[in-house]
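Notes follow the structure.
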């Protein structure tokens, strides 16, 4: 069974829709967001908290704020601060609103348990430390349906799928990416992954079979980072750049034969 990528464009229904900024007292103000040069969103949110990667001396740290704690944030507000290098990515567990994972320049992945009412003091002891990457870890992503399953991707060009309960690697996807992995996304049921790589290819991978089931070369021809995500219907949405560094968005349809 093979896959073919088809590309199509539709006129936007949101062409004349504009956003309006909320009042200052409804924003999170005076936060020193990380200045690390990594292509990440630097924040993650769930129904209880918003987590934000910040500038920190002597290692990596991120804030965890209750959604209701808007306004100016005190500079001494407690942080999650166990990494020895800058934090590059964070992701809340979809099955537990008190659990968050972080990846760092120190080559480790850490999983944290946040108190029910938020942090009252700095949190420096993770629930588990996952070690297996030889270079910095820029991507962490929880499995959408299976509990205690976490994916990490590093600048060593490999993807590791972990059993967080035991702290052991279940699947190691090596030799599939010749260069830095810019993004990884689970399909809705977690059976497939799509990745965007510095070699300008988008790949669809079956992690259990350790097999690339589809790939698209030069999804975006620019040299700057691109990202790819699975949509709920199985299509793939990408963002990247043209050769002239113009921002591009694309929707790709995976067709089974």
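In the UniProt record's numbering, the protein residues as written are 1 to 257. Where a beta carbon is used, it is the ideal one built from N, C-alpha and C, also for glycine.
Following the continuous beta strand (DSSP E) through residue 211, name the residue where it begins and the one where it ends.
-> 211-216
Would residue 157 be called buried (16 or more neighbouring beta carbons within 10 Å of its own) or exposed?
-> Flag for residue 157 reads buried.
Return helix, strand or coil for residue 24, following the three-state DSSP convention.
-> helix
Go ahead and pull the three-state DSSP assignment for residue 196.
-> strand
Mind checking who residue 83 pairs with in its DSSP beta bridge?
-> 60
Three-way DSSP call (helix, strand, coil) for residue 32 in this model = Assigned with DSSP and collapsed to three states, residue 32 falls in coil, not helix or strand.
Check whether the Cβ atoms of residue 98 and residue 86 sit closer than 9 Å, and answer yes or no.
-> No; because the gap between Cβ atoms is not below 9 Å, this pair is not in contact.
Rounded separation between residue 196 and residue 100 - CA only | 24 Å
Which stretch, first to last residue, makes up the beta strand (DSSP E) that contains residue 134?
-> Per DSSP, residue 134 belongs to no beta strand (DSSP E) and is neither H nor E.
Applying the criterion that 16 or more other CB atoms from any shown protein chain within 10 Å of the CB defines a buried residue, is residue 27 buried or exposed?
-> Exposed: under 16 other Cβ atoms inside 10 Å.
Flag this pair as touching only if the segment 179-191 and the segment 139-157 have three or more C-beta atom pairs under 8 Å; answer yes or no.
-> yes
What is the rounded straight-line gap between the Cα of residue 222 and the Cα of residue 143?
-> 30 Å
Cutoff 9 Å: residue 17 Cβ touching any chain C Cβ = The question asks about chain C, but that chain is absent: this structure has only one protein chain.
What is the rounded straight-line gap between the Cα of residue 43 and the Cα of residue 69?
-> 15 Å
Count the other CB atoms, across all protein chains shown, that sit within 10 Å of the CB of residue 232; report buried if there are 16 or more and exposed otherwise.
-> exposed
Under 8 Å by Cβ, that's how I've got residue 122 and residue 78 pegged, so tell me the actual separation to the nearest angstrom.
-> Correct: roughly 5 Å between the Cβ atoms.
Taking one C-beta from the segment 208-216 and one from the segment 60-67 each time, how about it: are there three or more such pairs within less than 8 Å?
-> no
Within the same chain, show all residues whose beta-carbon is closer than 8 Å to that of residue 189, passing over the 5 residues directly before and after it, in chain order.
-> 144 and 145
3-residue-minimum beta strand (DSSP E) runs that sit fully inside the segment 156-207, ordered along the chain | 159-163, 168-173, 181-186, 193-197 and 202-206
In this structure, what does DSSP give as the bridge partners for residue 251?
-> 237
Under a three-way DSSP split, which group does residue 257 fall into?
-> Caution applies to residue 257, whose pLDDT of 36 falls short of 50 and renders its modelled position unreliable; the value that the coordinates give is listed next. In the structure shown, residue 257 sits in coil (DSSP, three-state: anything other than H, G, I, E or B).
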